[in-house]
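Numbering (our numbering), first residue to last: 2 to 254.
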Amino acid sequence: MKMALIILLIFGGMNFSSILVPAEQIQGPSLMKMVEKFKPSNAILIKADRPSSAKPIQFYDFNHDEQKEIIITYEIKAKEQPSPSQFGVMILKKEKDGNWRKLFNDHVQGVDLDFSVLADITGNGVNDYLWGVTIGAAAGSQLKVIHWNGTSFKEIADEPYHKIDLVKGNKKLGITAWHMYLGDSHLVDVLKWNGEKLVYDQELYSTYYPIIEKFYKNKIRKLDAWYYWYCLADAQIKANSFDEASKSIKKGK
């Protein structure tokens with residue numbers, strides 16, 4: 002076996018750099034050396050706040066070539082504090098010659114990296130990359146959806162939010178975007194990819210509605226405020242629970 006490998010290396014025109022090593026097997030100093038080569042010199046690796054399992058370096062095989070790409074999230078702090086930082090994401094791919102190449106890079110100015118997850122939003126069987134940066138307490142955060150189209154990565158959607166979640170329905174996955182209304186109350190949209198953009202999806206909203214209802218009933222139990230009833234009624238209307246919405250509107254007057 003060893004002799005066969007030597008023959009291949011000598012007569013097959015191969016070199017050690019062309020032997021593909023799975024990305025997730027690159028660890029420790031080797032991984033960090035490669036990452037340092039591509040990330041900005043003034044950037045530091047940073048993990049997103051959510052989900053709790055988020056990491057600054059993730060691996061995923063977008064193009065199903067059995068060689069996982071590397072997703073890196075980082076922060077470039079402003080020279081003058083407390084000015085906003087630049088939060089960035091970079092996706093690296095290992096080519097057949099063994100060299101790594103940067104396929105995607107983007108930056109958003111903000112105060113925190115809030116969200117970073119792989120999820121099949123487009124429904125084509127390949128995970129998309131979702132990341133969100135917090136702009137400010139009032140402005141909330143900005144979500145970006147990055148999609149692999151077979152040849153390159155493209156940003157296909159962006160969505161403002163104050164809180165975010167994913168909801169799984171019948172053969173489809175949606176995004177729940179909570180938008181601040183008043184105080185700690187929120188109006189909630191549940192969105193699904195329709196082939197061109199993110200749009201409201203009533204079926205997914207009905208699936209997610211119990212979570213919204215529980216949230217507001219807990220709030221109302223502590224403080225019977227009109228804006229909680231208003232936001233609950235908004236959710237009930239979107240979930241086609243019109244009778245319940247009518248009751249909530251009356252209670253909120």
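All C-beta atoms, glycine included, are put in the ideal place defined by N, C-alpha and C.
Buried/exposed call for residue i, threshold 16 Cβ in 10 Å
i           : result
residue 38  : exposed
residue 22  : With a pLDDT of only 44 at residue 22, under the threshold of 50, the placement of this residue in the model should not be trusted, and no figure is reported.
residue 8   : Confidence in residue 8 is poor, its pLDDT being 34 and thus under 50, which makes the residue's placement unreliable; the coordinate value appears in the next sentence. Residue 8 should be labelled exposed.
residue 121 : exposed
residue 133 : buried
residue 190 : buried
residue 264 : This structure does not reach residue 264, given that the chain is present from 2 up to 254, and the question cannot be answered.
residue 91  : buried
residue 224 : exposed
residue 239 : buried
residue 143 : buried
residue 156 : exposed
Backbone secondary structure at residue i - three-state DSSP
i           : result
residue 249 : helix
residue 243 : helix
residue 161 : strand
residue 36  : helix
residue 53  : coil
residue 86  : strand
residue 3   : With a pLDDT of 43 at residue 3, under the threshold of 50, the predicted position of this residue should be treated as unreliable, though the coordinate-derived value follows. DSSP places residue 3 in helix when its eight states are reduced to three.
Rounded distance between the beta-carbons of residue j and residue i, thought under 8 Å
i           : j           : result
residue 166 : residue 135 : At roughly 16 Å, the Cβ-Cβ gap does not stay under 8 Å, so residue 166 and residue 135 are not in contact.
residue 241 : residue 207 : 7 Å
residue 119 : residue 61  : 5 Å
residue 58  : residue 73  : 6 Å
When the options are compared against residue i, the one with the closest alpha-carbon
i           : options               : result
residue 200 : 192, 207 and 206      : 192
residue 158 : 147, 168, 164 and 152 : 147
residue 183 : 138, 172 and 177      : 138
residue 196 : 172, 97 and 125       : 125
residue 181 : 98, 50, 232 and 194   : 232
residue 87  : 119, 77, 96 and 94    : 77
residue 221 : 194, 209, 253 and 202 : 253
N-terminal and C-terminal residue of the beta strand (DSSP E) that residue i is part of
i           : result
residue 235 : Note, residue 235: premise wrong, no beta strand (DSSP E); alpha helix (DSSP H) at 227-239.
residue 187 : 186-194
residue 177 : 174-183
residue 58  : 58-61
residue 120 : 113-120
residue 148 : 141-149
residue 129 : 129-137
Start-to-end residues for the alpha helix (DSSP H) that takes in residue i
i           : result
residue 81  : Where residue 81 is concerned, there is no enclosing alpha helix (DSSP H), given that its DSSP letter is neither H nor E.
residue 222 : 203-223
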